[in-house]
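Asker: Chains as they are written, first to last, in our numbering: chain A, 7 to 118; chain B, 198 to 294; chain C, 530 to 758; chain D, 652 to 769.
Idealized CB from N, CA, C, for every residue including glycine.
Bear in mind the structure is a predicted one, so any value in this text is a computation, not a measurement.
Structure in C-alpha cells, see below.
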Amino acid sequence: MELVGAIFTLIGALVLLVASIGLIRMPDVYNRLQVGTKASTLGTIFSLFGLVLVNPGWAGKLILLIFFVMMTNPVSSHVLARAAYFIKIPLTRRTVVDKLKVSDSALKVKAD
Amino acid sequence: MNYLIISILLGIIILIMAGIAIYHKESLVAIIATGVVGLFASVLYLLLAAPDVAMTEAAIGSGLSTIIFFYVLNKIRSDKTKDGSLKTKDGRQKTEV
Amino acid sequence: MRNSFILILIVAFGIMLYGLFDAFSGNEQLSELAKYYAQKENIEKVQAANLVTAVVVTYRGLDTLGEVTILFLTAAIIGFFLHNKEEKRFLRENSEIFITAAKLLIPIIILLGVYIFINGHLTPGGGFQGGAVIASAVILMILAFPEREFNSKFFTYLESASGTIFVLLAALGAIIGSGFLDNAIVPMGTFGKLVSAGVIPIIYSFVGLKVGSELSNILGNFKAVQSDN
Amino acid sequence: MEYVSLTIGFLVILAGLWAIMTKKNIIRIIIGFVLFDTGIHIVMVALAYVKGKAAPILDSTVSIDDAVNSIVDPIPQALVLTAIVIGLGVTALMLAYAVKLHKEKGNLDIKSFKELKW
Numbered sequence: 007m008e009l010v011g012a013i014f015t016l017i018g019a020l021v022l023l024v025a026s027i028g029l030i031r032m033p034d035v036y037n038r039l040q041v042g043t044k045a046s047t048l049g050t051i052f053s054l055f056g057l058v059l060v061n062p063g064w065a066g067k068l069i070l071l072i073f074f075v076m077m078t079n080p081v082s083s084h085v086l087a088r089a090a091y092f093i094k095i096p097l098t099r100r101t102v103v104d105k106l107k108v109s110d111s112a113l114k115v116k117a118d
Numbered sequence: 198m199n200y201l202i203i204s205i206l207l208g209i210i211i212l213i214m215a216g217i218a219i220y221h222k223e224s225l226v227a228i229i230a231t232g233v234v235g236l237f238a239s240v241l242y243l244l245l246a247a248p249d250v251a252m253t254e255a256a257i258g259s260g261l262s263t264i265i266f267f268y269v270l271n272k273i274r275s276d277k278t279k280d281g282s283l284k285t286k287d288g289r290q291k292t293e294v
Numbered sequence: 530m531r532n533s534f535i536l537i538l539i540v541a542f543g544i545m546l547y548g549l550f551d552a553f554s555g556n557e558q559l560s561e562l563a564k565y566y567a568q569k570e571n572i573e574k575v576q577a578a579n580l581v582t583a584v585v586v587t588y589r590g591l592d593t594l595g596e597v598t599i600l601f602l603t604a605a606i607i608g609f610f611l612h613n614k615e616e617k618r619f620l621r622e623n624s625e626i627f628i629t630a631a632k633l634l635i636p637i638i639i640l641l642g643v644y645i646f647i648n649g650h651l652t653p654g655g656g657f658q659g660g661a662v663i664a665s666a667v668i669l670m671i672l673a674f675p676e677r678e679f680n681s682k683f684f685t686y687l688e689s690a691s692g693t694i695f696v697l698l699a700a701l702g703a704i705i706g707s708g709f710l711d712n713a714i715v716p717m718g719t720f721g722k723l724v725s726a727g728v729i730p731i732i733y734s735f736v737g738l739k740v741g742s743e744l745s746n747i748l749g750n751f752k753a754v755q756s757d758n
Numbered sequence: 652m653e654y655v656s657l658t659i660g661f662l663v664i665l666a667g668l669w670a671i672m673t674k675k676n677i678i679r680i681i682i683g684f685v686l687f688d689t690g691i692h693i694v695m696v697a698l699a700y701v702k703g704k705a706a707p708i709l710d711s712t713v714s715i716d717d718a719v720n721s722i723v724d725p726i727p728q729a730l731v732l733t734a735i736v737i738g739l740g741v742t743a744l745m746l747a748y749a750v751k752l753h754k755e756k757g758n759l760d761i762k763s764f765k766e767l768k769w
C-alpha cells in the first residue's frame, strides 16, 4: 500500500515538474496560466491521493483538501485570465481563434 | 540537515524578494514581492515549530495586506488619470507613482 | 552624499545586530517562565492543549485585551478618515463561473474560520487566525458582488457586542473566580475534548468575531473610497 | 537552522530600514515598514526555537508529563501572534493617511510635504 502511495506521489511530482517547465516555455500570459493551472491542479491531486494511500487515517481531511484545490484553483486562474484580457494584455502572435472577442456581450460594461 | 538546506533556500528567496520590493520600478511588482516575502516567511515559521504564527502570517501577511495595498494603489492611479490634470496646490509637476 | 550618510548609519545598526547574533548561542532548554507554563500541574490547571492559546488568553490575556483595543482604534481612525459616500461606479460584469464559485465558497470559508477559532485550544489556530480567514471571505464577497452595498453597520454592532462580552467574561473571573481572566468560572470538562479549558474557547471565539469584523470594516472602508477609472 | 533564520531576520530588518530612509515615495516607505515588521517577527520566532523540539501543542506525540522537555518556547510565539495583527492595523492606518495626503497634494513624493519643515 505504501509503495502504491509513493508511486502516486511521484507521478504528482512529475506532473508538477512538467507544469514548471511549461511556465518557462509558453509564449504569453494565457498559455502560462493554462499550463500552471491544469497541470498543477492534477499534480496536487495526485500527491494528496498518494498521501491518502500512505496514511489512511488522514483520509477525510485530505479529501477535503482535494475538494478545495479543485474548487479554487481553476476559478482563480479563470478570473485572472479574464482580467488580463480586459486590460488588453496582448495575445501571442500565433493565436488562432479569439472567442471572447467574438462574443462581445462579455465586453459590455454594465451601468450600476 | 534537510531543514538547514530548506531554510537557506527560503532565506535566499526572501532576500531576493525584499530587494525586488525595494528597487523595482513598478509599484505593482513591488507589492507582489512584499506578499511573497510574507508567504515564504510563513513557511520559515513552520520550520521553526510555530504553526500558529505561520497560519496568521499566511492569512494576513500575504493575503489581506496585499489586497489593502492594491486598493490604495488603484485609488491613487485612478485619481491621477481621471482627467489627466489633477491640480496640486503649489503647482508642482507630479512624479510617477 | 545623503545616501552615504544613511549607509554608514545602516552599517552601524548592522554591527549592533551582529553583536546580538554573536551573543546568541542556541537554546538547549526552555527559559524559566516557559518551564513554569509547561509544568504538568499548570497545564492541568488551565487545560488548554495548545500552550500558545493558554499564554494568549489566560496568562497574558491583558495583552490581548490591549491588542484588541489598538485594533479597534485603528479601525475607528480609518473609518473616520476614509468616510465618504460611495461613488457611482461603472463595473464590468463578473463572469458566471466566478459568481457561482463565490456563492459556493463563501459559506465554506466562513465555516472554516469558525472551526479554526472554536478549536483554538486544541489544534493550531485561534481567534486571530479565524478572524483573518473570515475577513478573507468578506474580501471574496466584495470582489464577487461589487454592486452590493457593504453593510458596515452589522459589522460594527457585531464587533462592539463581542468586545463587551469579552470584557464582561474577564471581569466575571474577577468577581466569582480567583482573578481577572480566570478561566475556571465554568465547568472545566476533560482535557483534550472540545468542551474543556473552561472559558478559553468562549473568549477566543469572541476575540475571533471581533478581529474578523474589525478587519472586514477596514476593508469595507478601503472599498468605499474607490472611484471610477 | 535558528542561526540561518536569525541572519535572514536581521538582513530583512536592515533592508526595510534602508527602504524607509532612502526612498522618496510614501508607498515605498510603507513597504519598507512592512519588511521591517516581518524581519522582527522572524527574529523573535527564531529566538524561541529550541533544538529538535516540537511545536507547543500537546497531542498524542507530545505527552503532558514530559512537556517541559519536548516543546519550544510558547511565549515569543504568542507575542508575535498579536504583533502580526497589530502590524496589519498599523499598515492599513498608514495607507489611509497616504490616500489622504495624495488627495491633498496630488502626488506622494515625500519632498513635497514641507509644511512642517523649518
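Residues bridged to V701 (chain D) by DSSP?
Answerer: C:N556
Asker: Pairs of beta-carbons, one from the stretch 235-253 of chain B and one from the stretch 730-743 of chain D, closer than 8 angstroms: are there three or more?
Answerer: yes
Asker: On the three-state DSSP scale, how would you describe K116 (chain A)?
Answerer: With a pLDDT of 48 at K116 (chain A), under the threshold of 50, the modelled position of that residue is not reliable, and no figure is offered here.
Asker: Between which two residues does the alpha helix (DSSP H) holding A251 (chain B) run?
Answerer: Where A251 (chain B) is concerned, the enclosing alpha helix (DSSP H) stretches over P248 to A256.
Asker: Kindly indicate which residue of C:G548, C:I537, C:S689 and C:S725 has the alpha-carbon position closest to the one of L657 (chain D).
Answerer: C:G548
Asker: N61 (chain A) to G18 (chain A), Cα distance in whole Å?
Answerer: 17 angstroms
Asker: Taking a Cβ distance cut-off of 8 angstroms, strictly less, list which residues of the stretch 656-676 of chain C are near chain B, in chain order.
Answerer: F657, Q658, A661, V662, A664, S665 and I668
Asker: Anyone know if the C-beta pair for I729 (chain C) and L744 (chain D) falls short of 8 angstroms?
Answerer: With respect to the 8 angstroms criterion, I729 (chain C) and L744 (chain D) are not classified as neighbours on the basis of their beta carbons.
Asker: Kindly give me the distance between the Cβ atoms of L634 (chain C) and M77 (chain A), rounded to whole angstroms, as I take these residues to be in contact under 8 angstroms.
Answerer: 6 angstroms
Asker: Tell me which residue opens and which closes the alpha helix (DSSP H) that G757 (chain D) is part of.
Answerer: First-last for G757 (chain D): undefined, no H or E at that position.
Asker: Between the beta-carbon of F683 (chain C) and the beta-carbon of V736 (chain C), is there less than 8 angstroms?
Answerer: At a Cβ-Cβ threshold of 8 angstroms, F683 (chain C) and V736 (chain C) do not count as neighbours.
Asker: Relative to the C-alpha of V696 (chain D), which residue among C:T593, C:F751, C:I544 and C:V581 is closest?
Answerer: C:V581
Asker: Determine the DSSP secondary structure at S721 (chain D), reduced to helix, strand or coil.
Answerer: The three-state reading of DSSP puts S721 (chain D) in coil, since its state is none of H, G, I, E or B.
Asker: Does any CB atom of chain A fall closer than 8 angstroms to the CB of I626 (chain C)?
Answerer: yes
Asker: Consult DSSP for S707 (chain C) and reduce its assignment to one of helix, strand or coil.
Answerer: coil
Asker: What number of angstroms, rounded off, separates the C-alpha of L16 (chain A) from the C-alpha of G706 (chain C)?
Answerer: 56 angstroms
Asker: Going by Cα to Cα distance, which pick from D:P707, D:I761 and D:A747 is closest to L719 (chain D)?
Answerer: Note on residue identity: the sequence assigns Val, not Leu, to residue 719 (chain D). Residue D:P707 is the option with its Cα nearest to V719 (chain D).
Asker: How big is the Cα-Cα spacing for A65 (chain A) and D688 (chain D)?
Answerer: 38 angstroms
Asker: I need the DSSP call for N61 (chain A), collapsed to helix, strand or coil.
Answerer: DSSP, read as helix, strand or coil, puts N61 (chain A) in coil.
Asker: Cβ of M77 (chain A) less than 8 angstroms from any chain C Cβ?
Answerer: yes
Asker: How would you label Q209 (chain B), buried or exposed, when you count the other beta carbons within 10 angstroms and need 16 or more for buried?
Answerer: The sequence as given places Ile at residue 209 (chain B); Gln does not occur at that position. Label assigned to I209 (chain B): exposed.
Asker: Using the Cα positions of I682 (chain D) and A670 (chain D), report the straight-line distance between them to the nearest angstrom.
Answerer: 8 angstroms
Asker: Only counting runs of 3 or more residues, tell me where the beta strand (DSSP E) segments fall wholly within the stretch 598-637 of chain C, in order along the chain.
Answerer: 619-621
Asker: Short check: CB of K704 (chain D) to CB of I722 (chain D), under 8 angstroms?
Answerer: Here K704 (chain D) is near I722 (chain D), since their CB atoms are less than 8 angstroms apart.
Asker: Does the stretch 747-764 of chain D come close enough to the stretch 620-628 of chain C to have 3 or more Cβ pairs within less than 8 angstroms?
Answerer: no
Asker: Taking Cβ positions, are S745 (chain C) and I647 (chain C) nearer each other than 8 angstroms?
Answerer: no
Asker: With a threshold of 8 angstroms between beta-carbons, can R589 (chain C) be considered close to chain E, or not?
Answerer: Included in the structure are the protein chains A, B, C and D, with no chain E among them.
Asker: Using a Cβ-Cβ cutoff of 8 angstroms, what residues of the stretch 233-251 of chain B are near chain D? List them in chain order.
Answerer: V234, G235, A238, L241, Y242, L244, L245, A246, A247, P248, D249 and V250
Asker: I'd like to know whether the C-beta atoms of G660 (chain C) and V740 (chain C) end up nearer to each other than 8 angstroms.
Answerer: yes
Asker: Pair every Cβ in the stretch 636-652 of chain C with every Cβ in the stretch 565-585 of chain C, then say whether three or more of these pairs are closer than 8 angstroms.
Answerer: yes
Asker: Rounded to whole angstroms, what is the Cα-Cα separation between M214 (chain B) and D716 (chain D)?
Answerer: 43 angstroms
Asker: In terms of DSSP beta bridges, what is N676 (chain D) paired with?
Answerer: D:D760
Asker: Could you check whether L261 (chain B) and S742 (chain C) sit closer than 8 angstroms to each other, using their CB atoms as the reference points?
Answerer: no
Asker: Taking only beta carbons into account, state which residues of the stretch 697-717 of chain C come closer than 9 angstroms to chain B, listed in chain order.
Answerer: none
Asker: Closer than 7 angstroms, Cβ to Cβ, to anything on chain C: give me those residues from the stretch 250-268 of chain B, in chain order.
Answerer: Identification of residues in the stretch 250-268 of chain B having a C-beta nearer than 7 angstroms to some C-beta of chain C yields M252, T253, A256, I257, G260, L261, I264, I265 and Y268, given in sequence order.
Asker: Starting from E127 (chain A), trace the alpha helix (DSSP H) in both directions and tell me its first and last residue.
Answerer: This structure cannot settle anything about residue 127 (chain A), because the visible part of chain A is limited to 7 through 118.
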